[in-house]
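Structure first, commentary second.
And the structure:
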């Protein structure tokens with residue numbers, strides 16, 4: 008069973024994923040290259056993954072067989088396990104609990120060589136709909152407090168398989184960064200009686216300097232204090248706390264702007280590795296008037312070093328104004 | 008002038024290092040390989056660096072000429088600038104200020120091919136003494152609130168030069184992670200009237216399972232909730248908040264255990280890239296009974312991916328008990 012452990016000073020939880028049973032010496036060899044062939048996510052290899060939870064399927068095609076447009080399956084090497092109870096316990100001054108949670112993979116397309124930047128808007132909409140369905144389903148499990156949907160694209164971003172996929176992890180506690188975002192947003196709301204993201208969107212649309220695109224009810228913008236070159240937030244212009252309450256029209260709009268942004272990013276940065284993370288409301292707090300869901304995208308073009316790890320302070324060599332101008336197509 | 012900018016939600020500051028004047032398209036090319044030759048840090052090339060601030064020198068050798076054992080120089084491409092005032096200002100709902108600070112490089116040895124793992128205890132003690140001297144000196148500048156001493160060793164850890172060196176950055180605000188550590192430690196102290204690191208050292212010495220080494224008044228231990236495989240803390244057994252108040256005996260002890268640990272790490276992980284960060288008290292709060300300085304070392308053998316960036320939660324495939332056993336030489 009993996010284990011959740013809490014740092015006694017800063018309160019940060021980590022997952023000790025003991026089930027993967029790695030010895031320290033396993034890390035002596037250089038980084039494992041991206042696995043591309045044989046590909047466990049390609050059609051025909053469905054038996055290489057655990058049984059599918061959800062799929063977009065042509066009429067008449069059976070589960071765990073070819074004929075799908077997207078597939079959601081449990082991660083074969085999960086960071087958290089779906090079975091069991093938390094059983095929180097102490098060890099002297101330390102706190103730990105069982106690593107209970109869900110870890111799923113969303114295989115975005117049967118085409119090994121496609122990407123969210125090349126897929127059609129309808130195909131991307133289906134992937135986003137799958138996120139929505141899984142969030143809505145995992146919400147019913149009272150053991151879970153949060154679901155993080157994320158994507159690791161490319162080796163530098165932590166992907167171990169090449170075939171287009173995203174992931175989700177459901178956790179039994181609200182992660183520290185989500186908690187910090189909620190606290191900061193609640194403080195702002197108390198002072199101003201307005202949502203901070205609504206205010207940011209309003210200010211950035213007026214100022215234009217950090218605006219990258221506006222499409223289908225969403226803006227893509229370079230945040231004022233970005234950690235990484237070309238870090239980008241995609242924010243719905245209409246206030247909403249919970250991603251899973253989006254309708255198909257909203258997901259279609261998100262698919263449009265996401266594809267548009269990824270193509271801009273690829274043009275400016277030359278198809279970089281990247282991560283994206285869906286920031287949505289915790290499962291048990293859906294009606295947050297101070298929280299506004301959004302998608303954060305971070306291209307991996309710089310290295311995180313000692314200063315960042317020791318301070319939480321990031322050094323970004325590109326201003327968000329220059330990044331936004333390049334991503335708008337003005338320079339770059 | 009670089010600029011400090013604050014995220015309006017989570018309160019995290021970033022440094023927009025505009026002086027480096029990078030355009031987004033500069034990141035299209037693959038990562039710059041480590042520069043080894045010609046080496047600006049090797050003896051004879053002293054004119055390649057800004058003028059030295061401090062050096063260990065043989066009698067009769069002049070500044071910025073060969074004959075040194077270590078050298079401290081301003082970073083040629085500083086993230087923060089030493090000249091100027093902060094001039095905090097707003098832009099709508101955003102806060103920013105001038106990027107005033109200090110960014111220095113400690114060249115640890117004239118030998119390009121040496122390392123802290125191969126240098127003598129006396130040579131490493133001199134490097135630590137240089138940290139102490141620079142901290143004590145920068146403390147006199149009322150614009151600075153914190154000095155972070157850190158090391159990036161190897162390309163994967165963010166180093167851009169091969170020659171052994173560490174760095175320090177003095178910042179005009181207390182970094183968010185230092186603040187979180189201080190807050191957590193103060194909470195613990197209020198509840199227990201004891202320092203949390205003193206309690207950790209006491210518990211770990213008794214339990215032994217996560218203890219790696221004990222030498223010269225220090226312990227090296229695998230923290231209970233480590234983010235990375237073989238993450239290690241070196242903690243003085245005697246309570247002290249401010250590193251720069253250490254005497255030469257203490258720095259000699261630290262040099263001993265640091266070299267010992269790095270050789271253990273190299274044996275287990277095959278000379279990995281690594282970072283270390285000195286966690287010491289803020290400059291204006293030297294008498295913190297709840298804070299205990301320590302050195303954190305993180306080997307870079309895993310990639311940080313979307314889950315970590317989106318949650319602040321880390322997945323670590325190696326338990327600290329297995330890491331400590333391997334580093335003690337029992338297995339691995």
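Residue numbers (the numbering used here), protein chains in the order written: chain A, 8 to 339; chain B, 8 to 339. For each residue, glycine too, the CB sits at the ideal point set by N, CA and C.
query                                                                                                                    : result
Segment contact flag, the stretch 149-167 of chain B with the stretch 178-194 of chain B, C-beta cutoff 8 Å, min 3 pairs : yes
Extent of the continuous beta strand (DSSP E) run through residue 173(B)                                                 : 172-178
Identity of the residue in 330(A), 331(A), 326(A) and 332(A) nearest residue 103(B) by Cα                                : 326(A)
Residue 55(B) to residue 47(B) span [Cα, whole Å]                                                                        : 5 Å
Span of the alpha helix (DSSP H) around residue 266(B)                                                                   : 255-276
Any chain A beta carbon closer than 8 Å to residue 79(B)                                                                 : no
CB contact check: residue 336(B) to chain A, cutoff 8 Å                                                                  : no
8 Å Cβ cutoff met for residue 208(B) and residue 320(A)                                                                  : no
Spatial distance of residue 16(B) from residue 213(B) (CA atoms)                                                         : 42 Å
Exposure label - residue 85(B); buried when at least 16 CB within 10 Å                                                   : buried
Outcome for residue 272(B) when other beta-carbon atoms lying within 10 angstroms are tallied against a minimum of 16    : buried
Other residues of its chain near residue 62(A): CB distance less than 6 Å, five sequence neighbours each side excluded   : 75 and 78
First and last residue of the uninterrupted beta strand (DSSP E) at residue 306(A)                                       : 301-306
Identity of the residue in 274(A), 193(A) and 226(A) nearest residue 296(A) by Cα                                        : 193(A)
Proximal residues, the stretch 205-231 of chain B versus chain A, C-beta separation under 8 Å                            : 206, 207, 210, 214, 230 and 231
Integer Cβ distance of residue 305(B) from residue 268(B), believed to fall under 8 Å                                    : About 12 Å; that fails the 8 Å criterion.
Neighbourhood of residue 45(A) by C-beta, 7 Å cutoff - its chain only, sequence neighbours within 5 removed              : 52
Reduced DSSP category for residue 314(A) - H, G, I as helix; E, B as strand; rest coil                                   : helix
Contact belief for residue 251(A) with residue 150(A) at Cβ below 8 Å, rounded distance in angstroms                     : That belief does not hold up - the Cβ atoms of residue 251(A) and residue 150(A) are roughly 18 Å apart, past 8 Å.
Chain-ordered neighbours of residue 122(B) on chain A, where CB pairs are closer than 9 Å                                : Correct list: empty, because the minimum Cβ distance to chain A is about 16 Å.
Backbone CA spacing between residue 60(B) and residue 80(B) [nearest angstrom]                                           : 5 Å
Check whether residue 245(A) and residue 224(A) have beta carbons under 8 Å apart                                        : yes
Closer than 8 Å to chain B by CB, residue 17(A)                                                                          : yes
DSSP three-state assignment for residue 249(A), whether helix, strand or coil                                            : coil
Within-8 Å CB hit, residue 176(A) to chain B                                                                             : yes
CB contact check: residue 339(B) to chain A, cutoff 8 Å                                                                  : Because the pLDDT at residue 339(B) is just 49, under 50, the model does not fix this residue reliably, and the point stays unresolved.
Nearest-angstrom Cβ-Cβ length linking residue 107(B) and residue 97(B), presumed shorter than 8 Å                        : Residue 107(B) to residue 97(B), Cβ: 18 Å. No contact.
Residues from the stretch 177-189 of chain B in contact with chain A, defined by Cβ distance under 8 Å                   : 178, 182, 183, 184, 185, 187 and 188
Contact belief for residue 249(A) with residue 190(A) at Cβ below 8 Å, rounded distance in angstroms                     : In fact, because the Cβ distance is near 18 Å, the residues do not count as touching under 8 Å.
Nearest neighbour of residue 204(B), chosen from 58(B), 240(B) and 255(B) [CA to CA]                                     : 240(B)
Beta strand (DSSP E) segment containing residue 102(B), residue limits                                                   : 101-105
Three-state secondary structure assigned by DSSP to residue 83(B)                                                        : coil
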